[in-house]
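Chain order of the listed sequences is Z and E.
Counting in the numbering used here, the final residue of the first sequence is number 510, and the numbers go up one at a time with none missing.
Counting in the numbering used here, the final residue of the second sequence is number 1164, and the numbers go up one at a time with none missing.
Using N, Cα and C, we set each Cβ at its ideal position, and we do this for glycine too.
To start, the structure itself, in structure tokens.
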Amino acid sequence: MEERTDHPKDNLPGGDDLRSAPDRRIGDHPILEFERGREIRFDLDGRALEGYETETIAAALHASGVRILRRSIGRDRPRGFFCAIGRCSSCLMTVDGVPNIMTCVTPLRSGMRVETQRGKGALGNPSPGLHDAEEVGAAKDLGTVPLAIVGAGPAGLSAAIAAGRLGVSSLIIDENRTPGGQLIKQTHMFFGSREHYARVRGIDIGRELVAELDGLPAKLLLDTTALGLYPERTLSLLKDGAHMRISAEAVILAAGASENMLAFEGCDLPGVYGAGAVQTLMNVHGISPGRRVLMVGAGNIGLIVSYQLLQAGVEVAAVVDALPEIGGYHVHAAKIRRAGVPILTSHTIVRAIGADGVEGATVCEVDSDWAPVPDSERTFDVDTICLAVGLTPNCELALQSGCEDAYLSDLGGHVVVHGEDLETTASRVYIAGDASGIEEASTAMLEGRLAGLAAALAVRPEIDRGEVDRLMRETRAGLEELRNGPFGEKPRLGKARMIELARAVQERSS
Amino acid sequence: MSRRRDGVLDSHEMTGVLPSKERLAAGPVVVIECVENIPCNPCVDACPRGAITMEGDINQTPDVDVTKCNGCGLCISACPGLAIFVIDASRDDGTATISLPYEYVPLPSTGETVAALDREGNVVCNATVARVLSPRAFDRTPVVSLTVPMEHAGTVRHLRRKVG
Chain Z
1 MEERTDHPKD
11 NLPGGDDLRS
21 APDRRIGDHP
31 ILEFERGREI
41 RFDLDGRALE
51 GYETETIAAA
61 LHASGVRILR
71 RSIGRDRPRG
81 FFCAIGRCSS
91 CLMTVDGVPN
101 IMTCVTPLRS
111 GMRVETQRGK
121 GALGNPSPGL
131 HDAEEVGAAK
141 DLGTVPLAIV
151 GAGPAGLSAA
161 IAAGRLGVSS
171 LIIDENRTPG
181 GQLIKQTHMF
191 FGSREHYARV
201 RGIDIGRELV
211 AELDGLPAKL
221 LLDTTALGLY
231 PERTLSLLKD
241 GAHMRISAEA
251 VILAAGASEN
261 MLAFEGCDLP
271 GVYGAGAVQT
281 LMNVHGISPG
291 RRVLMVGAGN
301 IGLIVSYQLL
311 QAGVEVAAVV
321 DALPEIGGYH
331 VHAAKIRRAG
341 VPILTSHTIV
351 RAIGADGVEG
361 ATVCEVDSDW
371 APVPDSERTF
381 DVDTICLAVG
391 LTPNCELALQ
401 SGCEDAYLSD
411 LGGHVVVHGE
421 DLETTASRVY
431 IAGDASGIEE
441 ASTAMLEGRL
451 AGLAAALAVR
461 PEIDRGEVDR
471 LMRETRAGLE
481 ELRNGPFGEK
491 PRLGKARMIE
501 LARAVQERSS
Chain E
1001 MSRRRDGVLD
1011 SHEMTGVLPS
1021 KERLAAGPVV
1031 VIECVENIPC
1041 NPCVDACPRG
1051 AITMEGDINQ
1061 TPDVDVTKCN
1071 GCGLCISACP
1081 GLAIFVIDAS
1091 RDDGTATISL
1101 PYEYVPLPST
1111 GETVAALDRE
1121 GNVVCNATVA
1131 RVLSPRAFDR
1141 TPVVSLTVPM
1151 EHAGTVRHLR
1161 RKVG
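Below, the structure is given as structure tokens:
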């Protein structure tokens, strides 16, 4: 066994040097082979560390046992990362003198000077031009494309493929280095039928979708963040610090979702991670998230990530869920139960224990009114708490541009109003995948295809309508089939309500 | 307890999951522990003998025609839920063989003694690894066959290596 030390002293500047830094990198894995690239050196608060060129700063630090990335502004509390997808801002550090760098998505570079950030951070020597209004305002104009797609996950890629097959070219914008969205972390085989890539592992579906773009008029623009959506479907983009803008005849928003947080005592401690972050660490970077994990949430994500943790050689102390019943599929629960992981329904997390990071977790039983059952507390010896308590659609671009929204709990909260062909209340702006309502990757692919077909038809009315209609009917039937069972009830009801709302908006405006 | 409460099938939920004693004694046969209506059907395509069918849409549970099934085990690695097992309880030496999906490293070796676990992860007995199959077609879901005492054929569903 590798030596894994989690003592908080590991994180103190000037503490352990390179030779005794723990290495949490995973060796053999049943599904994945990790290609880490070149080993590079960097330093943290003056202490020399090593990482790999394929890693992010936060991942390389975690691999060396460093979990504290900054101190909170008000109370000087230790903070680690939470989401690991550049959403939550818990991981901000000072890098090469520049504060507030999102280290969970910033690639590690040789010789980087990384500092634990205290307070808000201040710019020491602003780079020349930063206050030059002319320079800030000068966005490079990339012209007009037929179709711009935000997000290169299952929905965005499927949209590009569908439109591309009809001869409509697209530009797919994604803030990550690798296309595929969350598929790049999904080591398990997908459900569904053959047409939905059933039996294929998520990681391979991502690769297949990217491969399908070959030969189609679709281009990927990676490492690029879409900052805003303005009139005439103009997107403002940021790549390598440079500001650009592009206009499109149609836009498909497929920006996915963000992990939900749960409030409990100590929930801000380093070592409390979202399920997606745990997957990023272990399945993208091949880094063990911890020694022993408490999983909060017995939906499919909590169950699947628990299984993936076991496959990565990490112990799972238990899965707890406040609901009286397991939310995910029995087959996912059965895999971890037979490996000896208890699933405690009607149990919730009470507190995370630890001063500088998670050193334990206390849970208790809850009764049918969600009240704690007296004397039911028990404490697990864990160094990691993984939260799999749901997702919230990323709909900021649509909302900022003025699309109408609604609150539908069945779809994950605030969602953008969209009709059956996924068009929002803004003309030729579509939304698909988790961004349009929380579901599965299988449905995201079909929604993406539907949005791609609808957008293609909108911008190229000369396309053979009969053929597109046939493809759209087939795709809708596929969605219906996937949502048809008892586990599809929420999206089924949510999407039905959504279509009613879209009709109401249409009637109001006509 | 039940599958919704703690993730383990109770005796009521197991009704119809295990083939009859007579069928088990006749030769290797598949056991599919998939009792919920989830949208999934790769097992149907995986069977070369057409023994696995699904009536209606893909949310139905699979039906097994045990007269067609010869226990070949090709469906084991095809199941995304890792819910398919093959039991051979036809020998008269007091042992049975259970074949199960095992997506962990390192894989056990043929002849190795491992701990045999039940659906709750409890050790029920020792088992001898009879066979380990991991061809490319199984796509990283190896199938391990364990020899266990006959009385545990219905309960053993996983293994834990004792070394390494």
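At a cut-off of 7 Å, would you count residue i as near the ligand HEM, judging by its Cβ distance to the nearest heavy atom?
| i | result |
| --- | --- |
| G466 of chain Z | The ligand HEM is absent from the structure shown, which contains no ligands of any kind. |
Taking C-beta pairs closer than 7 Å, name the residues in chain E that residue i reaches, listed in chain order.
| i | result |
| --- | --- |
| P30 of chain Z | E1103, Y1104, V1105 and R1140 |
| Q311 of chain Z | E1103 and Y1104 |
Please determine, among the options, the residue with the shortest C-alpha to C-alpha distance to residue i.
| i | options | result |
| --- | --- | --- |
| V468 of chain Z | Z:G181, Z:M295, Z:L450 and Z:E115 | Z:L450 |
| I1084 of chain E | E:T1067, E:R1119, E:V1114 and E:D1092 | E:R1119 |
| L1024 of chain E | E:V1124, E:T1128, E:G1081 and E:I1098 | E:I1098 |
| V1143 of chain E | E:E1103, E:K1162 and E:N1122 | E:E1103 |
| I1000 of chain E | E:N1122, E:A1078, E:K1068 and E:G1073 | This structure does not reach residue 1000 of chain E, given that chain E is present from 1001 up to 1164, and the question cannot be answered. |
| V1123 of chain E | Z:I161, Z:S193, Z:A339 and Z:L92 | Z:A339 |
| L142 of chain Z | Z:V373, Z:I173 and Z:K120 | Z:I173 |
| L238 of chain Z | Z:G51, Z:E232, Z:T224 and Z:G413 | Z:T224 |
| A242 of chain Z | Z:M498, Z:S193, Z:A138 and Z:I304 | Z:A138 |
| Q311 of chain Z | Z:V278, Z:M498, Z:Y52 and Z:A263 | Z:V278 |
| A361 of chain Z | Z:N394, Z:C267, Z:V415 and Z:E447 | Z:C267 |
| H332 of chain Z | Z:V373, Z:L493 and Z:I343 | Z:I343 |
| V341 of chain Z | Z:E474, Z:V316 and Z:E359 | Z:V316 |
| G1111 of chain E | E:A1127, E:G1056, E:D1092 and E:L1100 | E:A1127 |
| H196 of chain Z | Z:L446, Z:S427 and Z:P461 | Z:L446 |
| E1013 of chain E | E:C1034, E:P1135, E:C1125 and E:S1134 | E:C1034 |
So which residues of chain Z does residue i contact, with C-beta pairs closer than 9 Å?
| i | result |
| --- | --- |
| D1092 of chain E | Chain Z residues near D1092 of chain E: none, gap ~28 Å exceeds 9 Å. |
| G1081 of chain E | M189, F191, Y329, H330, V331, H332, A334 and K335 |
| R1049 of chain E | The premise fails here: R1049 of chain E is roughly 18 Å from chain Z at the closest Cβ pair, so nothing lies under 9 Å. |
| D1045 of chain E | S193, R194, A198 and R199 |
| R1161 of chain E | Within chain Z, no residue comes near R1161 of chain E; the closest Cβ sits about 12 Å away, beyond 9 Å. |
List, in order along the chain, the chain Z residues whose C-beta lies closer than 7 Å to that of residue i?
| i | result |
| --- | --- |
| V1008 of chain E | R337 |
| V1035 of chain E | H330 |
| P1042 of chain E | A198 and R199 |
| H1158 of chain E | R338 and A339 |
State the Cα-Cα distance for the pair residue i and residue j, rounded to the nearest angstrom.
| i | j | result |
| --- | --- | --- |
| S510 of chain Z | A458 of chain Z | 19 Å |
| L391 of chain Z | L183 of chain Z | 16 Å |
| H131 of chain Z | S376 of chain Z | Because H131 of chain Z carries a pLDDT of 49, less than 50, the predicted location of this residue cannot be relied on, and no value is offered for it. |
| P1048 of chain E | G1027 of chain E | 18 Å |
| V429 of chain Z | C403 of chain Z | 9 Å |
| Y407 of chain Z | L479 of chain Z | 22 Å |
| A226 of chain Z | A218 of chain Z | 18 Å |
| V320 of chain Z | G327 of chain Z | 11 Å |
| I301 of chain Z | T424 of chain Z | 28 Å |
| E190 of chain Z | A198 of chain Z | Note on residue identity: the sequence assigns Phe, not Glu, to residue 190 of chain Z. Those two C-alpha atoms are separated by around 5 Å. |
| D96 of chain Z | R109 of chain Z | 11 Å |
| G419 of chain Z | P78 of chain Z | 45 Å |
| R1160 of chain E | V1105 of chain E | 11 Å |
| V98 of chain Z | T280 of chain Z | 25 Å |
| A1137 of chain E | N100 of chain Z | 47 Å |
| N260 of chain Z | R70 of chain Z | 21 Å |
| S1077 of chain E | R1003 of chain E | 23 Å |
| I431 of chain Z | E1151 of chain E | 56 Å |
| D410 of chain Z | G357 of chain Z | 34 Å |
| E1212 of chain E | A1153 of chain E | Shown here, chain E extends from 1001 to 1164; a query on residue 1212 of chain E therefore has no answer. |
| A163 of chain Z | C1079 of chain E | 32 Å |
Looking at the strands, I want to know which residues DSSP matches up with residue i.
| i | result |
| --- | --- |
| F380 of chain Z | Z:A361 |
| G192 of chain Z | E:C1040 |
| Q117 of chain Z | Z:R70 |
| V145 of chain Z | Z:A248 |
| E208 of chain Z | E208 of chain Z pairs with nothing; no bridge assigned. |
| T56 of chain Z | Z:P107 |
Starting from residue i, find everything on chain E with Cβ-Cβ shorter than 9 Å and list it in chain order.
| i | result |
| --- | --- |
| N484 of chain Z | N1037, P1039, D1057, I1058 and N1059 |
| F487 of chain Z | E1036, N1037, I1038, P1039 and N1059 |
Using a C-beta to C-beta distance shorter than 8 Å, which residues of chain Z count as neighbours of residue i?
| i | result |
| --- | --- |
| L1117 of chain E | R338, A339 and G340 |
| E1120 of chain E | R337, R338 and G340 |
| A1078 of chain E | R199 |
> Using 8 Å as the threshold, is the region 383-391 of chain Z in touch with the region 275-294 of chain Z, meaning 3 or more CB pairs across them?
Replying inline: yes
> Are three or more beta carbon pairs between the region 264-280 of chain Z and the region 485-494 of chain Z nearer than 8 Å?
Replying inline: no
> Should the region 246-261 of chain Z be regarded as contacting the region 80-98 of chain Z, the criterion being three or more beta carbon pairs within less than 8 Å?
Replying inline: yes
>> Three Cβ pairs or more, each shorter than 8 Å: is that satisfied between the region 197-209 of chain Z and the region 144-158 of chain Z?
In response: yes
> For the 8 Å Cβ check, are there 3 or more pairs between the region 345-365 of chain Z and the region 35-48 of chain Z?
Replying inline: no
> Does the region 1005-1024 of chain E come close enough to the region 1039-1053 of chain E that 3 or more CB-CB pairs lie under 8 Å?
Replying inline: no
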